[in-house]
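In the numbering used here, the protein residues as written are 70 to 250.
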């Protein structure tokens with residue numbers, strides 16, 4: 070009953086996402102009110118009452134200049150979706166490993182603008198929100214070196230890893246699964 074009440078409350082407080090280009094019925098919340106819209110789903114197999122997640126996301130595709138990365142937004146979606154389904158937020162641990170050209174999306178405003186003809190880095194509020202929630206975001210140091218991204222170019226809170234492979238290996242040693250897409 071407690072989960073049903075929490076679900077109904079979250080559903081009522083959720084913000085419609087259709088205005089942002091998502092299909093009708095997708096809404097934001099309960100954790101991120103501006104990112105990660107999800108749809109209500111009638112499950113044929115309910116989540117276990119003791120469900121918990123230690124999950125990492127691998128991101129390699131860069132967003133279009135000035136746009137929010139759909140892959141980064143999927144991280145917020147994962148958290149919103151499971152929190153809305155009744156998983157306590159303290160049992161949702163997520164990490165992000167970024168490599169390739171997606172590393173450019175992790176740059177602070179000035180460094181990003183310098184690389185994108187003055188465009189605004191629309192990812193910065195999402196990055197800040199994820200980090201505030203406790204999501205570590207790692208940039209592959211090998212990709213950074215190849216792209217000429219220095220630590221000083223990174224958005225606040227983004228961490229430089231030796232490599233994406235190293236970051237994933239260390240996360241797996243800590244019990245994180247890897248998102249397959």
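Where a beta carbon is used, it is the ideal one built from N, C-alpha and C, also for glycine. Keep in mind it's a predicted model, so treat the numbers as computed, not measured.
Would you tell me roughly how many angstroms separate the C-alpha atoms of residue i and residue j, rounded to the nearest one?
| i | j | result |
| --- | --- | --- |
| residue 180 | residue 219 | 10 Å |
| residue 214 | residue 171 | 13 Å |
| residue 236 | residue 167 | 10 Å |
| residue 10 | residue 216 | In the structure as shown, the chain begins at 70 and stops at 250. Residue 10 is therefore absent and cannot be evaluated. |
| residue 189 | residue 182 | 6 Å |
| residue 200 | residue 148 | 13 Å |
| residue 243 | residue 229 | 18 Å |
| residue 246 | residue 124 | 5 Å |
| residue 249 | residue 224 | 26 Å |
Can residue i and residue j be called in contact, C-beta distance under 8 Å?
| i | j | result |
| --- | --- | --- |
| residue 176 | residue 119 | no |
| residue 99 | residue 153 | yes |
| residue 122 | residue 144 | no |
| residue 195 | residue 141 | yes |
| residue 116 | residue 156 | yes |
| residue 129 | residue 192 | no |
| residue 164 | residue 134 | no |
| residue 105 | residue 146 | yes |
| residue 212 | residue 233 | yes |
According to DSSP, what are the bridge partners of residue i?
| i | result |
| --- | --- |
| residue 230 | 209 |
| residue 235 | According to DSSP, which records beta bridges pairwise, residue 235 is partnered with nothing at all. |
| residue 247 | 125 |
Helix or strand or just coil, what does DSSP make of residue i?
| i | result |
| --- | --- |
| residue 222 | helix |
| residue 174 | helix |
| residue 263 | Given a span of 70 to 250 for the chain in the structure shown, any question on residue 263 remains unanswerable. |
| residue 113 | coil |
| residue 156 | coil |
| residue 118 | coil |
| residue 107 | strand |
| residue 137 | coil |
Kindly indicate the opening and closing residues of the alpha helix (DSSP H) around residue i.
| i | result |
| --- | --- |
| residue 197 | 193 to 202 |
The beta strand (DSSP E) with residue i in it runs from where to where?
| i | result |
| --- | --- |
| residue 164 | 161 to 167 |
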